[in-house]
Amino acid sequence: MGHSCDDLSNLRQMPHLRAKIFRLHGEIRDKIHRNPIIDPQSGTIFDDLSKNETLLAPTCCETILRSGSVPKIIVWGLLGTGPDMGFAIANIIEEGTGHVKIGAPKEIFEGEARVAMTPDSAVQLQKLGYDCVIETGAGAAAGFDDAAYEAAGVEVVKTGAALYKAADIVAKVRQPEAVELKRLTSDKTLISFFNPAANDAGMEAAKASGANVIAMEMVPRISRAQKMDALSSMANIAGYRAVIEAGNNFGRFFTGQITAAGKVPPAKVLVVGAGVAGLAAIGTATSLGAITYAFDVRPEVAEQVESMGAEFVFLDFEEEQQDGAATGGYASVSSPEFREAQLAKFRELAPEVDIVITTALIPNREAPELWTEDMVAAMKPGSVVVDLAAEKGGNCKLTVADEKIVTENGVTIIGYTDFPSRMAAQASTLYATNIRHMMTDLTPEKDGQINHDMEDDVIRGATVTFEGEITFPPPPPKVAAIAAQKPKEAPKELTPEEKRAEEVAAFKKQTKTQVGLIAIGGALLLAVGTVAPASFMQHFIVFVLSVFIGFQVIWGVAHSLHTPLMAVTNAISSIIILGALMQIGSGSFLVILLSAISVFMTGINIFGGFMVTRRMLAMFQKS
Amino acid sequence: MEFGFTTAAYVVSAVLFILSLGGLSGQESAKRAVWYGIAGMALAVFATLIGPGSGLWLLSLILIAAGGFIGWQVANKVEMTEMPQLVAAMHSLVGLAAVFVGFVAHVEMGRVAGMDDTAKKALEGFAALIAKKDGVEIAILKVEVFLGVFIGAVTFTGSVIAYLKLAGKVTSKAEKLPGGHALNAGAAVLSVICLFWYMGNGGLLPLALMTAAALFIGYHLIMGIGGADMPVVVSMLNSYSGWAAAAIGFSLGNDLLIVVGALVGSSGAILSYIMCKAMNRSFVSVILGGFGGTTGPAMEVEGEQVAIDADGVAQSLEEADSIVIIPGYGMAVAQAQQNVAELTRRLRAKGKEVRFAIHPVAGRLPGHMNVLLAEAKVPYDIVMEMDEINDDFPETDVAIVIGSNDIVNPAAQEDPNSPIAGMPVLECWKAKQVFVSKRGQGTGYSGIENPLFFKDNTRMFYGDAKASLDDLLTKIS
Numbered sequence: 107m108g109h110s111c112d113d114l115s116n117l118r119q120m121p122h123l124r125a126k127i128f129r130l131h132g133e134i135r136d137k138i139h140r141n142p143i144i145d146p147q148s149g150t151i152f153d154d155l156s157k158n159e160t161l162l163a164p165t166c167c168e169t170i171l172r173s174g175s176v177p178k179i180i181v182w183g184l185l186g187t188g189p190d191m192g193f194a195i196a197n198i199i200e201e202g203t204g205h206v207k208i209g210a211p212k213e214i215f216e217g218e219a220r221v222a223m224t225p226d227s228a229v230q231l232q233k234l235g236y237d238c239v240i241e242t243g244a245g246a247a248a249g250f251d252d253a254a255y256e257a258a259g260v261e262v263v264k265t266g267a268a269l270y271k272a273a274d275i276v277a278k279v280r281q282p283e284a285v286e287l288k289r290l291t292s293d294k295t296l297i298s299f300f301n302p303a304a305n306d307a308g309m310e311a312a313k314a315s316g317a318n319v320i321a322m323e324m325v326p327r328i329s330r331a332q333k334m335d336a337l338s339s340m341a342n343i344a345g346y347r348a349v350i351e352a353g354n355n356f357g358r359f360f361t362g363q364i365t366a367a368g369k370v371p372p373a374k375v376l377v378v379g380a381g382v383a384g385l386a387a388i389g390t391a392t393s394l395g396a397i398t399y400a401f402d403v404r405p406e407v408a409e410q411v412e413s414m415g416a417e418f419v420f421l422d423f424e425e426e427q428q429d430g431a432a433t434g435g436y437a438s439v440s441s442p443e444f445r446e447a448q449l450a451k452f453r454e455l456a457p458e459v460d461i462v463i464t465t466a467l468i469p470n471r472e473a474p475e476l477w478t479e480d481m482v483a484a485m486k487p488g489s490v491v492v493d494l495a496a497e498k499g500g501n502c503k504l505t506v507a508d509e510k511i512v513t514e515n516g517v518t519i520i521g522y523t524d525f526p527s528r529m530a531a532q533a534s535t536l537y538a539t540n541i542r543h544m545m546t547d548l549t550p551e552k553d554g555q556i557n558h559d560m561e562d563d564v565i566r567g568a569t570v571t572f573e574g575e576i577t578f579p580p581p582p583p584k585v586a587a588i589a590a591q592k593p594k595e596a597p598k599e600l601t602p603e604e605k606r607a608e609e610v611a612a613f614k615k616q617t618k619t620q621v622g623l624i625a626i627g628g629a630l631l632l633a634v635g636t637v638a639p640a641s642f643m644q645h646f647i648v649f650v651l652s653v654f655i656g657f658q659v660i661w662g663v664a665h666s667l668h669t670p671l672m673a674v675t676n677a678i679s680s681i682i683i684l685g686a687l688m689q690i691g692s693g694s695f696l697v698i699l700l701s702a703i704s705v706f707m708t709g710i711n712i713f714g715g716f717m718v719t720r721r722m723l724a725m726f727q728k729s
Numbered sequence: 234m235e236f237g238f239t240t241a242a243y244v245v246s247a248v249l250f251i252l253s254l255g256g257l258s259g260q261e262s263a264k265r266a267v268w269y270g271i272a273g274m275a276l277a278v279f280a281t282l283i284g285p286g287s288g289l290w291l292l293s294l295i296l297i298a299a300g301g302f303i304g305w306q307v308a309n310k311v312e313m314t315e316m317p318q319l320v321a322a323m324h325s326l327v328g329l330a331a332v333f334v335g336f337v338a339h340v341e342m343g344r345v346a347g348m349d350d351t352a353k354k355a356l357e358g359f360a361a362l363i364a365k366k367d368g369v370e371i372a373i374l375k376v377e378v379f380l381g382v383f384i385g386a387v388t389f390t391g392s393v394i395a396y397l398k399l400a401g402k403v404t405s406k407a408e409k410l411p412g413g414h415a416l417n418a419g420a421a422v423l424s425v426i427c428l429f430w431y432m433g434n435g436g437l438l439p440l441a442l443m444t445a446a447a448l449f450i451g452y453h454l455i456m457g458i459g460g461a462d463m464p465v466v467v468s469m470l471n472s473y474s475g476w477a478a479a480a481i482g483f484s485l486g487n488d489l490l491i492v493v494g495a496l497v498g499s500s501g502a503i504l505s506y507i508m509c510k511a512m513n514r515s516f517v518s519v520i521l522g523g524f525g526g527t528t529g530p531a532m533e534v535e536g537e538q539v540a541i542d543a544d545g546v547a548q549s550l551e552e553a554d555s556i557v558i559i560p561g562y563g564m565a566v567a568q569a570q571q572n573v574a575e576l577t578r579r580l581r582a583k584g585k586e587v588r589f590a591i592h593p594v595a596g597r598l599p600g601h602m603n604v605l606l607a608e609a610k611v612p613y614d615i616v617m618e619m620d621e622i623n624d625d626f627p628e629t630d631v632a633i634v635i636g637s638n639d640i641v642n643p644a645a646q647e648d649p650n651s652p653i654a655g656m657p658v659l660e661c662w663k664a665k666q667v668f669v670s671k672r673g674q675g676t677g678y679s680g681i682e683n684p685l686f687f688k689d690n691t692r693m694f695y696g697d698a699k700a701s702l703d704d705l706l707t708k709i710s
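Quick note, the sequences are listed as chains E and H, same order. Just add 106 to wherever you are in the first sequence, counting from 1, and you've got my numbering. Just add 233 to wherever you are in the second sequence, counting from 1, and you've got my numbering.
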């Protein structure tokens, strides 16, 4: 794995190294900016790459020597500056690049086409400071060839074993198999679907290896974690694909048409279970033009269903409402009576609907039977049932997992369990983005170093083994997924006596404050009156009364007229002009000058104030 | 002319002024009320000009006409968004006039005191009034003059600074000289010392010294108060200009001055009180500037701000039946009121219920938003006060926040440690969907994070309010 200087010409042809050089170029630029380099021979100071553009143009620093996993760069062909310069830069680079590697192996599960890393997500991961590595052909089934990865700066290794050796963090899609778990060591982190609730063997193996394992399906359902909720992104695809598969097996149009050749009725679609997959199916079916009905045991989703354009099927059933918030937004088991009412409703609908898509799953239980054999029998020939719960036994007992069957009365039942994989390009893109967001949370400093913070709700919730311990199941998250519906507190009814007592108390209190204020005010007035002469007291009484009137009048002013009030009070406070007018006629030049200025200024104020008030008031119009 | 006539005229003016203020209780009666005010003022000036104690009435008339011309021009040209500056600037004129009138009274006092009895008898006008006063009355007169000048000087520099801040000519941040409130306190103590000194010798020096101190207090006090507290500041200065007029009225023995000064003073005081109450802060804490220290760590804000573009907003508006718009200072800054009004017209034409929710301290002047909306011809009967509309938010489909921040901050109710805890706010987050038109991700005046922006039903509509609304208007026909 080492290249010597002789390999230079080959190196230049290796796309992933090329991309890396471009990235390093940016790093060098930042570093030089912080710590300028002085060339010992010419004395030139290099501190700004845009200024010394030729120095580190990407073509100049294409020389990369690798020793172990730490790349060393030697600037080659430095336009007349000596080799010392190159080593100076080489040293800078060496300091900062003990990069941690994220790798995605090829999925070994039969028929799995998805991949946990796409060229796009690799670019983002590199921005977090990680190096990326991928097993050759890992993305081929999803439409990403090795060349695309290399162009994004990802190193391609030949075998799965080599990948597990090279990568510090392994990201994959399917639950890992025993052979993959054996490759884990204590310094590695695995991010994958893991199904921890039914995978004790897997957890024991992971624990024995000492690796940290993050199970993507365990990401808690809180708003902050939505961006890494892989279950939702996969369910979204499954819902879409279910409708497409149904359409593929359904012999008619979805949308109703009136053509010259006759009238085509629209297809009727029933979606059972309005989770993420159900809602995606509803959206797809309605946008294809079908009349869509939807049912869910949680009545609070009716609004979401209707917002997607479907009609919510309500049951005539009285039961205490199930609060989805108590179960983290997932459905739970319903009572037998409720189930009966539900099945009766479905029986009623069965002869009418053309396509049924069932998505009902209860976490960690077998799928409930919702579409019984007699309902299938009641359906029209050519109808289609898509059972998204096939993996967990199916919502219809006739479903055969991973297969498509046709019943005696001509109803097609599709039990595929690999819908997301059937749309591998889309699924890989979304899943890789989920992984990338998970890495963002694991790398708060964006320094290419993983910080497995077990205090963080999301990371703690998703981690199933950590440092040789099984950490599943996680404690309940500190933040509830959906705000619990608070029981409404009835306002306390007051008895007439209590009301009366309250009123009396309020009245007494008011009286007390008023009498108190009057007494204090009166005492103050008396105190002033005893010392001040009569002429002052006359004016003082006028003053106090005016303040009193002012308070009474101003409280009545409408809030919306506060600005005009300010303008008008401003205008009338120019009443001070009277003082100036009285003084202007008496005395010296100074007196006349000061008074004249005052008259002039208040003149501005009077006219300006009243005018602007009038302008404002004229604007207030009733509709 | 007879003294009796002047007094009678003053009584009529006083009544007219009271009617004028009382008429502002409703939009329609207000249009009449302003004429009462104008009539009152005209009568007062006329009565004084022909009444006892005035002279040089021709000069006075010319000066009033000249001043009036300028005032008229300014009032006709001013943009409604510039109202706060204008009001502040006009307050400064009243303040300065009060200072001058006070100084003149001082000069006259000195002149009269130096005369013998015969000369005093020959005096006319204001000097004659002084001549009649005995020892105690002169002492009281001195206090009155002193107070009038003090309040006038504080009002003057305070208003000038408020004007400069509102016009954006000095920074609207709270700035204090080193020493802070100690400087103000020192200047106030100096003024009190000057008062006793002045009472003792009646010289010009203590009066001038006090004036300088008061000018400094006005400057420093208002410099220390930040942008969003301006409504309180402007109404406080309004109040001061009234009290200054009243104090001058006492020294001149003019009852009309006292009445009007008291009316204006109490009006400003009430406005300040209402503003402070709307922010759940005490008057003192506003005047002393800045928000106080918190009692604990602020609540963590969960979630992220989700942006939306004009298409998304337009679509939601199309689907909504009831819409509430919450304008703030940002709308005034962006001059977006016309676009808001146009949006309102179009939405109302589609039969949607559009209303406005106005927080008492929205903007930089009490009632600022109302005036801007009125200017843009938004009918006033769809513009609601906070108390009128707060209960309606749960039934509202879309709430649009345009350039407001702290007045829609749920932390005031949810986080007891928040600096604005307990401040009444518009509960717009209870609406089904909230759009926030905002320049960027910054915090409001108080510098606190707004959890509203992180709520699940909130979408951020980034950009200059006017540009954003322009964009939005192209999507809504």
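For glycine and all other residues, C-beta sits at the position ideal for the given N, C-alpha and C. Note that this is a predicted model, so its numbers are computed, not measured.
Which of helix, strand or coil DSSP assigns to A275/H: Sequence index remark: in the second sequence, residue 275/H carries index 42 (1-based). Helix, per DSSP.
Residues of chain H with CB closer than 7 Å to the CB of V659/E, please, in chain order. On the first sequence, position 553 is the one that residue 659/E refers to. Per Cβ cutoff of 7 Å: I251, L254 and G255.
Indicate the three-state DSSP secondary structure (helix, strand or coil) for M512/H in the structure shown. Counting from one through the second sequence, the residue named residue 512/H turns up at place 279. When DSSP states are grouped into helix, strand and coil, M512/H belongs to the coil group.
Within chain E, the residues that I271/H reaches when beta carbons sit closer than 8 Å: In the second sequence, the residue the question calls residue 271/H occupies position 38. Simply F716.
Can you round the beta-carbon distance between S555/H and D630/H to whole angstroms, since I take them to be within the 8 Å contact cut? Start at 1 with the first residue of the second sequence, and residue 555/H comes out as number 322. Start at 1 with the first residue of the second sequence, and residue 630/H comes out as number 397. Beta-carbon to beta-carbon, S555/H and D630/H are separated by about 5 Å, close enough to satisfy the 8 Å threshold.
Residues near V378/H in its chain [Cβ-Cβ closer than 7 Å; skip 5 each side]: Residue numbering aside, residue 378/H sits at position 145 when the second sequence is read from its first letter. So the list reads G335, A338, H339 and S484, once near-sequence residues are dropped.
Under 8 Å between C-beta atoms, does K730/E make it to chain H? Here chain E comprises residues numbered 107 to 729, so residue 730/E is not present and cannot be evaluated.
If contact means a Cβ-Cβ distance below 7 Å, which residues of the region 680-692 of chain E contact chain H? For chain H, the residues of the region 680-692 of chain E that bring a beta carbon within less than 7 Å of one of its beta carbons are S680, I681, I682, I683, L684, G685, A686, L687, M688, Q689, I690, G691 and S692, in chain order.
Does the Cβ-Cβ distance between R220/E and R347/E come in under 8 Å? Mapped onto the first sequence, residue 220/E falls at position 114. Mapped onto the first sequence, residue 347/E falls at position 241. One thing to note: R220/E has its Cβ no nearer than 8 Å to the Cβ of R347/E.
What's the gap between the Cα of A321/H and the Cα of V393/H? Residue mapping note: residue 321/H aligns to position 88 of the second sequence, counting from 1. Residue mapping note: residue 393/H aligns to position 160 of the second sequence, counting from 1. One C-alpha to the other measures close to 7 Å.
According to DSSP, is G209/E part of a helix, a strand, or is it coil? The sequence position of residue 209/E within the first sequence is 103, counting from 1. G209/E falls in the strand class under three-state DSSP.
Do you know how far the Cα of S680/E is from the Cα of F713/E? Numbered from 1 along the first sequence, position 607 holds the residue referred to as residue 713/E. Numbered from 1 along the first sequence, position 574 holds the residue referred to as residue 680/E. Approximately 10 Å between the Cα atoms of the pair.
Quick one: grab the DSSP three-state call for A400/E. As a first step, residue 400/E is located in the first sequence; it is residue number 294 there, counting from the start. In the structure shown, A400/E sits in a strand (DSSP, three-state: E or B).
Does the separation of the CB atoms of A258/E and A228/E fall below 8 Å? Within the first sequence, residue 258/E is the residue found at index 152, counting from 1. Within the first sequence, residue 228/E is the residue found at index 122, counting from 1. The Cβ atoms of A258/E and A228/E sit closer than 8 Å to each other.
Quickly, what does DSSP pair W268/H with across the bridge? List them, please. Taking the first residue of the second sequence as 1, we reach residue 268/H at position 35. Looking at the DSSP assignment, W268/H forms no beta bridge with any residue, so it has no partner.
Which chain H residues are close to F73/E, counting only those with a beta carbon under 8 Å from its beta carbon? This structure does not reach residue 73/E, given that chain E is present from 107 up to 729, and the question cannot be answered.
Going by the CB atoms, is the gap between V604/H and T669/E shorter than 8 Å? On the first sequence, residue 669/E is found 563 positions in, with the first residue counted as 1. On the second sequence, residue 604/H is found 371 positions in, with the first residue counted as 1. Closer than 8 Å, so yes.
What residues in its chain sit with their C-beta under 7 Å from that of F578/E, if we drop five residues either side in the sequence? Locating residue 578/E in the first sequence gives position 472, counting from the first residue. Contacts found: P302, M309 and V570.
Please return the same chain residues whose Cβ sits closer than 8 Å to the Cβ of A543/H, not counting the five positions on each side in sequence. Working through the second sequence from its first residue, we reach residue 543/H at position 310. Excluding residues within five positions, the ones whose Cβ falls inside 8 Å are F694, S701, D704, L705, T707 and K708.
Could you check if L291/H is buried or exposed, using at least 16 other CB atoms within 10 Å of its CB as the buried criterion? Within the second sequence, residue 291/H is the residue found at index 58, counting from 1. Of the residues assessed, L291/H falls on the exposed side of the cut-off, its CB having fewer than 16 other CB atoms within 10 angstroms.
Please determine if the region 380-393 of chain E and the region 441-456 of chain E are in contact, where contact requires at least 3 C-beta pairs separated by less than 8 Å. As far as the Cβ criterion goes, the region 380-393 of chain E does not touch the region 441-456 of chain E, which means the pair count is below three.
Contacts around A531/E, its chain only, beta-carbon distance under 6 Å, and the 5 residues preceding and following it disregarded: Counting from 1 along the first sequence, the entry for residue 531/E is found at position 425. Excluding sequence neighbours, A531/E sits near A248 and G249.
Taking only beta-carbon atoms, is M323/H less than 8 Å away from chain E? As a first step, residue 323/H is located in the second sequence; it is residue number 90 there, counting from the start. Yes, its Cβ sits closer than 8 Å to a Cβ of chain E.
Nearest-angstrom Cβ-Cβ length linking L385/E and G345/E, presumed shorter than 8 Å: As a position in the first sequence, residue 385/E is number 279, starting the count at 1. As a position in the first sequence, residue 345/E is number 239, starting the count at 1. Contact between L385/E and G345/E is confirmed by a C-beta separation of about 7 Å, below the 8 Å threshold.
State yes or no: is the beta carbon of G600/H nearer than 8 Å to at least one beta carbon in chain E? Start at 1 with the first residue of the second sequence, and residue 600/H comes out as number 367. It does: the Cβ of G600/H has a partner Cβ on chain E nearer than 8 Å.
Is S253/H buried or exposed, if buried means 16 or more other CB atoms sit within 10 Å of its CB? Counting from 1 along the second sequence, the entry for residue 253/H is found at position 20. With 16 or more neighbouring CB atoms inside 10 Å of its own CB, S253/H falls in the buried class.
Using three-state DSSP, classify Y695/H as helix, strand or coil. In the second sequence, the residue the question calls residue 695/H occupies position 462. Here Y695/H sits in strand by DSSP.
Can you say whether P515/E is buried or exposed, counting buried as having 16 or more other CB atoms within 10 angstroms of its CB? Indexing the first sequence from 1 puts residue 515/E at position 409. The sequence as given places Asn at residue 515/E; Pro does not occur at that position. It is exposed - the Cβ of N515/E has fewer than 16 other Cβ atoms within 10 Å.
Can you list, in chain order, the residues of the region 693-708 of chain E whose Cβ is nearer than 8 Å to any Cβ on chain H? Taking 8 Å as the Cβ-Cβ cut-off against chain H, the residues of the region 693-708 of chain E that qualify are G693, S694, L696, V697, I698, L700, S701, A702, I703, S704, V705, F706, M707 and T708.
Which one of K271/E, F418/E, N305/E and T295/E has the shortest CA to CA distance from A284/E? To locate residue 284/E, count along the first sequence from 1; it is residue 178. Minimum Cα distance to A284/E is reached at N305/E.
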